[in-house]
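Chemist: I am attaching a structure below and will ask some questions about it afterwards.
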DNA sequence: GTCTATAGGCTGATAGAC
DNA sequence: GTCTATCAGCCTATAGAC
């Protein structure tokens with residue numbers, strides 16, 4: 497009797513379809529434009545059907561955030577393998593900013609919409625938020641070990657400031673298309689240069 | 497016959513009352529919660545009356561942005577008078593971040609809501625946005641002249657990165673109350689230390 | 001100028017039939 | 001499980017009476 501399994505599978509498929517479509521809609525039109533009705537219509541179900549898989553709209557947002565953050569992590573991953581800290585800084589910065597600008601609406605949902613969602617990412621500790629932050633802490637420690645950053649500054653706030661700086665560049669570019677007149681590349685270049693000077697090889 | 501003047505005055509008073517109440521509501525509950533109905537009720541007029549003074553909700557938002565940005569400018573002004581560039585950097589940073597955290601909903605409206613509003617601030621060139629930016633450019637030039645920032649970086653992108661960094665700190669603190677675990681003061685301290693080393697008096 | 005009334009939409013969420 | 005129908009509310013904006 498594999499009928500329970502089949503039902504489970506079908507159920508999971510509907511859930512996945514809801515999420516896939518929700519993601520599409522958010523990417524295209526932003527989270528505000530994601531309504532239960534439009535979502536239902538898009539997957540060709542009635543609005544009520546969605547509530548069998550998600551408690552409410554917030555639950556969908558949370559699932560999308562989790563997914564979005566995993567995409568961000570995946571995007572950063574290759575850069576984490578660069579051994580020279582100063583180069584790793586630049587690679588991570590490029591990857592982070594690239595993600596934000598290429599997926600503006602996802603980025604907005606993750607970091608610029610509701611404190612609730614953003615907080616969730618960082619509260620689920622060891623996964624999403626914590627992992628990414630650890631990447632930055634390690635980077636800062638290596639930068640200091642390799643003489644690119646003053647050791648008189650504490651690594652934790654340094655890593656936080658690093659994140660804040662990148663977030664500032666991304667979010668300003670997103671909410672104010674005309675202000676930072678410099679290209680994204682120039683901004684990242686300038687920011688990373690400020691953060692870490694290239695160590696003089698002795 | 498001063499009756500036209502009286503009418504003009506009354507008209508201006510109603511307009512001012514609308515803006516005052518709108519500001520209050522935004523400060524208390526955020527821009528999203530500002531609706532024409534609630535606004536009308538609060539000033540004890542009918543919704544239709546508001547449309548005699550403002551074309552639509554967006555026009556109110558623009559007026560509030562202008563006002564908010566002037567408040568920000570006023571808040572920065574004292575710091576601009578500090579002659580030692582490194583100290584001015586710190587004073588400006590404190591003032592900027594202080595404004596953002598004390599008036600979170602105003603800050604959100606100015607810089608984190610709709611690109612349209614934020615863009616307006618910077619397009620009206622010589623006033624609001626441009627003025628503030630000039631303050632930062634002058635700061636960077638002085639920092640370079642006083643040996644606190646490398647002259648190998650261009651002043652314009654440097655000033656933009658400075659703004660982005662401060663914006664990053666404020667907006668992360670606003671949208672993610674738990675993430676930057678460090679205190680605002682520590683973050684600003686760390687950020688300004690990264691931006692400018694204290695020049696060694698020769 | 002200010003009102004009432006209303007058009008013409010939208011929303012999240014749920015009860016109850018099948 | 002899925003639907004239809006609907007509740008109960010919100011919104012911006014405007015027409016037309018006073």
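Chains as they are written, first to last, in this note's numbering: chain F, 497 to 698; chain P, 497 to 698. Glycine is no exception: its CB is placed at the ideal position from the N, C-alpha and C atoms. Here the structure is a predicted model, which is why all the values come from computation and not from measurement.
With contact counted as at least three CB pairs below 8 Å, one residue from each stretch, are the region 685-695 of chain P and the region 578-598 of chain P in contact?
Modeler: Yes: the two stretches touch, three or more of their Cβ pairs being nearer than 8 Å.
Chemist: Could you check how far apart the C-beta atoms of residue 614/P and residue 671/F are, in whole angstroms? I think they sit under 8 Å.
Modeler: So it is a contact: roughly 5 Å between Cβ atoms.
Chemist: Looking at C-alpha atoms only, which residue of 673/P, 660/P and 668/P is the closest neighbour of residue 688/P?
Modeler: Answer by Cα proximity: 660/P.
Chemist: Which residues in the same chain as residue 596/F place their Cβ atom closer than 6 Å to its Cβ, once the five residues preceding and following it in sequence are excluded?
Modeler: So the list reads 603 and 666, once near-sequence residues are dropped.
Chemist: Just checking my contact of residue 571/P with residue 591/P at CB under 8 Å: how many whole Å lie between their CB atoms?
Modeler: Correct: roughly 5 Å between the Cβ atoms.
Chemist: Under the assumption that residue 521/F contacts residue 530/F (Cβ atoms under 8 Å), give the Cβ distance between them as a whole number of angstroms.
Modeler: That belief holds up - the Cβ atoms of residue 521/F and residue 530/F are roughly 5 Å apart, short of 8 Å.
Chemist: Any idea what DSSP makes of residue 654/F, helix, strand or coil?
Modeler: If DSSP states are grouped into helix, strand and coil, residue 654/F belongs with the helices.
Chemist: Residue 636/F to residue 677/P, Cα distance in whole Å?
Modeler: Distance between the alpha carbons of residue 636/F and residue 677/P is about 16 Å.
Chemist: Could you tell me whether any Cβ in chain F is nearer than 8 Å to the Cβ of residue 660/P?
Modeler: Yes, residue 660/P counts as interfacial toward chain F.
Chemist: Report the neighbours of residue 664/F on chain P: residues whose CB is nearer than 9 Å to its CB, in chain order.
Modeler: Result: 657, 659, 660, 661, 662, 663, 664, 665, 666, 667 and 668.
Chemist: Short of 8 Å Cβ to Cβ, which residues in the region 579-597 of chain F face chain P?
Modeler: Residues passing the 8 Å Cβ filter: none.
Chemist: In three-state terms, what does DSSP make of residue 633/F?
Modeler: Here residue 633/F sits in helix by DSSP.
Chemist: Work out the CA separation of residue 627/P and residue 640/P for me, nearest whole Å.
Modeler: Computed Cα separation, rounded: 20 Å.
Chemist: Run through DSSP, which three-state label would residue 563/P get?
Modeler: If DSSP states are grouped into helix, strand and coil, residue 563/P belongs with the helices.
Chemist: Can you tell me the Cα-Cα spacing of residue 551/F and residue 625/F, whole angstroms?
Modeler: Using only the alpha carbons, I get a separation of about 24 Å.
Chemist: Does any residue of chain F have a CB that is nearer than 8 Å to the CB of residue 608/P?
Modeler: Closer than 8 Å to some Cβ of chain F, the Cβ of residue 608/P qualifies, so yes.
Chemist: Just checking: is the beta-carbon of residue 565/F within a distance shorter than 8 Å of some beta-carbon in chain P?
Modeler: No, because no Cβ of chain P sits closer than 8 Å to the Cβ of residue 565/F.
Chemist: Helix, strand or coil: which one does DSSP assign to residue 645/P?
Modeler: Residue 645/P: coil per DSSP, three-state reduction.
Chemist: How many angstroms separate the CA atom of residue 517/F from the CA atom of residue 523/F?
Modeler: Spanning the two alpha carbons is a distance of roughly 10 Å.
Chemist: In chain F, which residues lie less than 7 Å from residue 674/P when you measure between Cβ atoms?
Modeler: Within chain F, the residues near residue 674/P are 615, 618 and 619.
Chemist: What do you reckon, are the CB atoms on residue 668/F and residue 663/P nearer than 8 Å?
Modeler: It is a contact, given that the beta carbons lie within the stated cut-off.
Chemist: Does the Cβ of residue 600/P have 16 or more other Cβ atoms within 10 Å, making it buried, or fewer, making it exposed?
Modeler: With 16 or more other Cβ atoms within 10 Å, it is buried.
Chemist: Would you decide whether residue 609/P is buried or exposed? Buried here means 16 or more other CB atoms lie within 10 Å of its CB.
Modeler: That one is buried.
Chemist: Answer yes or no: does any C-beta atom of chain P fall closer than 8 Å to that of residue 671/F?
Modeler: Taking Cβ atoms only, chain P reaches closer than 8 Å to residue 671/F, which makes this a yes.
Chemist: Taking just the CA atoms, how far does residue 542/P sit from residue 638/P?
Modeler: Distance between the alpha carbons of residue 638/P and residue 542/P: 54 Å.
Chemist: Out of 594/P, 561/P, 598/P and 568/P, point me to the one whose CA is closest to residue 611/P's CA.
Modeler: Residue 561/P is the option with its Cα nearest to residue 611/P.
Chemist: Taking only beta-carbon positions, decide if residue 602/F is within less than 8 Å of chain P.
Modeler: With 8 Å as the cut-off, residue 602/F does not count as an interface residue toward chain P.
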